[in-house]
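>
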Amino acid sequence: MSQFERILNGALDLFLTAGIKSVTMDDIARHLGMSKKTIYQHFADKNELVTALVKMRMQQDETEMDKMMNEADNVIAQLSEWMRCSEEMLSRMNPILMHDLQKYHPEGWAIIQKFKWESIVQRLEELMLKGIEEGYIRPEIDVRVIARMRILQVESGFNQQNFPAPQFNVVKVQQQFVEHFNYGIVTLEGYQLLNEYQNKLKKTA
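For the sequence shown, the working numbering begins at 2 and goes up steadily by one.
Structure, rendered in structure tokens:
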């Protein structure tokens with residue numbers, strides 16, 4: 002791991018715990034056991050560090066999603082694995098972190114928005130079109146609408162006004178959304194295949 006990556010990963014550890022605003026460059030240096038001068042050799046300021054971190058995470062998530070989709074046996078397995086992968090990504094997101102990113106680091110926030118509305122939506126549209134062709138997903142759905150609805154659904158689950166903690170567990174909320182979404186778009190054949198895949202996952206859990 003390069004020093005550049007080590008700094009980003011160390012910063013991420015702190016951001017996931019405490020959000021971005023409350024973490025200083027001194028905190029990051031202390032956490033990593035290196036001088037602040039070393040960090041500034043790689044990043045002009047905290048905002049540049051945050052932007053670089055967001056870019057790194059988006060690239061890693063994109064690679065992970067592509068790998069998962071290429072390894073799945075069929076479109077239902079791909080869809081289920083894609084959702085599981087998304088859940089894992091989302092479960093790492095601290096609401097405070099996302100709030101701080103949106104409010105104090107608009108460049109990093111814009112990268113996430115582009116990734117969400119282009120990369121993720123495009124992949125979901127492609128998956129659903131493939132499922133329609135194979136007879137597993139209902140042909141009457143408009144994949145452009147449903148893909149964007151799914152993104153908004155996920156965002157709604159993270160909204161503390163909609164699902165305030167500690168009354169609601171954010172991961173469980175997202176799991177409910179995933180199940181509702183998956184079973185809502187499949188045909189009878191897709192429903193049966195989805196059940197088989199879910200049962201397979203339970204046995205291996």
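For each residue, glycine too, the CB sits at the ideal point set by N, CA and C.
Within 10 angstroms of the Cβ of residue 5, are there 16 or more other Cβ atoms? Answer buried if so, exposed if not.
Translated into the one-based positions of the sequence shown, residue 5 becomes position 4. Classification of residue 5: exposed, given that the 10 Å Cβ count is below 16.
> I'd like to know whether the C-beta atoms of residue 153 and residue 144 end up nearer to each other than 7 Å.
Stepping through the sequence shown from its first residue, residue 153 is reached at position 152. Stepping through the sequence shown from its first residue, residue 144 is reached at position 143. No.
> Figure out for me which residue from 51, 76, 140, 39 has the closest Cα to the Cα of residue 107.
Against the sequence shown, residue 107 aligns to sequence position 106. Looking at the Cα atoms, 51 is the closest of the given residues.
> Drop a sphere of 10 angstroms on the beta-carbon of residue 71, count the other beta-carbons inside from all chains shown, and report buried for 16 or more, exposed for fewer.
Here residue 71 refers to the residue found at position 70 when the sequence shown is read from its first residue. Exposed is the call here.
> Taking the alpha-carbon positions, what's the residue 136 to residue 179 distance?
Numbered from 1 along the sequence shown, position 135 holds the residue referred to as residue 136. Numbered from 1 along the sequence shown, position 178 holds the residue referred to as residue 179. Linking residue 136 to residue 179 through their CA atoms gives a straight-line distance of about 20 Å.
> What would DSSP say about residue 21, mapped onto helix, strand or coil?
Along the sequence shown, read from residue 1 onward, the residue named residue 21 stands at position 20. Note: residue 21 maps to coil in three-state DSSP.
> Alpha carbon to alpha carbon, how far is residue 64 from residue 205? Give it in angstroms, no decimals.
Translated into the one-based positions of the sequence shown, residue 205 becomes position 204. Translated into the one-based positions of the sequence shown, residue 64 becomes position 63. For residue 205 and residue 64, the distance between alpha carbons rounds to 24 Å.
> Quick one: grab the DSSP three-state call for residue 142.
Reading the sequence shown from its first residue, position 141 is the one you call residue 142. Residue 142: coil per DSSP, three-state reduction.
> At which residues does the alpha helix (DSSP H) containing residue 181 begin and terminate?
Within the sequence shown, residue 181 is the residue found at index 180, counting from 1. 171-186 is the span of the alpha helix (DSSP H), which, as asked, contains residue 181.
> At what residues does the alpha helix (DSSP H) containing residue 112 begin and finish?
Here the question's residue 112 lines up with position 111 in the sequence shown. Per DSSP, residue 112 belongs to the alpha helix (DSSP H) from 107-115.
> Exposed or buried, which one is residue 151 when buried takes at least 16 other CB atoms within 10 Å?
What you label residue 151 is simply residue 150 of the sequence shown in a count that begins at 1. The residue in question, residue 151, is buried, as its Cβ has 16 or more Cβ neighbours within 10 Å.
> From residue 15 to residue 128, what distance separates their C-alpha atoms?
Along the sequence shown, one-based indexing puts residue 15 at 14. Along the sequence shown, one-based indexing puts residue 128 at 127. Roughly 35 Å between the two C-alpha positions.
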